[in-house]
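Engineer: Letter by letter, the sequence shown follows residues 1 to 117 in full-length UniProt numbering.
Heads up, the beta-carbon is just placed ideally off N, CA and C, and yes, glycines get one too.
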Amino acid sequence: ALERHRATPVSVVCRGADALLSLAARGRSRSRSMRCELVWKDVWKEKDEEKGAPINDVKVTADGQRIIVAARDCVLVYNAKDGDLLQPLQAHKDTVYTVDCSSDGKRFASGGADDTV
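Written out as structure tokens, the structure is:
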């Protein structure tokens with residue numbers, strides 16, 4: 001963890017080169033136009049599938065134990081320590097665009113094109 005960010009989780013979004021960088025932390029947000037470099041990009045693929053589905057959103061639980069991912073029509077839950085997939089959740093009938101976690105890290109919600117939360 002970063003020394004100055006222990007008390008509140010910080011979300012960072014950067015979409016594409018020369019794009020907008022957005023930072024947010026409990027009650028505060030800041031946006032800056034700056035050059036962004038791709039550090040990590042992932043595509044979720046099923047077995048024997050040639051083309052994968054893009055990852056639409058990623059959140060880390062407040063306790064740092066799990067990574068919640070919105071990909072295609074499902075939500076993927078990973079162990080943050082080793083990256084193992086703990087559970088794929090098929091709760092949507094269409095694209096999942098967003099995920100978010102409760103402040104205690106015990107619950108999360110997802111939303112998508114099927115109007116399901």
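Given this structure, state the Cα-to-Cα distance separating K106 from A80, to the nearest angstrom.
Structural biologist: Put simply, the backbone Cα of K106 is about 14 Å away from that of A80.
Engineer: Assign D100 to one of three DSSP states: helix, strand, or coil.
Structural biologist: Three-state DSSP puts D100 in a strand.
Engineer: Taking the beta strand (DSSP E) that Q87 falls in, what are its first and last residues?
Structural biologist: 85-89
Engineer: So what does DSSP say about R72, is it helix, strand or coil?
Structural biologist: Looking at R72 - three-state DSSP - the assignment turns out to be coil, as it is neither helix nor strand.
Engineer: With DSSP as the reference, please indicate the residues paired to V77 in a beta bridge.
Structural biologist: I68, Q87
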